[in-house]
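S.K.:
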């Protein structure tokens, strides 16, 4: 009778251990599935962040290109303006030199006439 009791106890313990093992396996499966879901969500989140980062980086590059083009255009405009001003000054100096030459010739003519009259 004692042997039968021990056998029943062993079977009961084995059944409890098996049930506990089954519950543990199910818990592990559920935990594994939740980890898979969480991993997928994190991968999706990381992908979204990476995509936003790439878009922002592209926008910054585009803004930099536009700023560079604007600066290049502005520099060209300033250079054109300076060149135009230099040309205008050169032309004015030439005109003044011509007028000075003409005045010098007139002055010489006037002196010659005065010398002749005297």
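Residue numbers (my numbering): 34 to 151.
Backbone N, C-alpha and C define an ideal beta-carbon position, used for all residues, glycine too.
Please state the DSSP three-state secondary structure of residue 87.
M.R.: Counting from one through the chain shown, the residue named residue 87 turns up at place 54. Reduced to three states, the DSSP call for residue 87 is helix.
S.K.: What does the alpha-carbon distance come out to for the pair residue 72 and residue 111?
M.R.: On the chain shown, residue 72 is found 39 positions in, with the first residue counted as 1. On the chain shown, residue 111 is found 78 positions in, with the first residue counted as 1. When rounded, the distance between both Cα atoms is 57 Å.
S.K.: For a test of the three-state rule: what should DSSP assign to residue 34, helix, strand or coil?
M.R.: As a working note, residue 34 is residue 1 in the chain shown. Here residue 34 sits in coil by DSSP.
S.K.: Looking only at its own chain, which residues have a Cβ that is under 6 Å from the Cβ of residue 102, when we skip the five neighbours before and after it?
M.R.: As a first step, residue 102 is located in the chain shown; it is residue number 69 there, counting from the start. Cβ neighbours of residue 102 beyond the five flanking positions: none.
S.K.: Between the alpha carbons of residue 121 and residue 94, how many angstroms are there, rounded?
M.R.: Stepping through the chain shown from its first residue, residue 121 is reached at position 88. Stepping through the chain shown from its first residue, residue 94 is reached at position 61. Whole-angstrom Cα-Cα distance: 40 Å.
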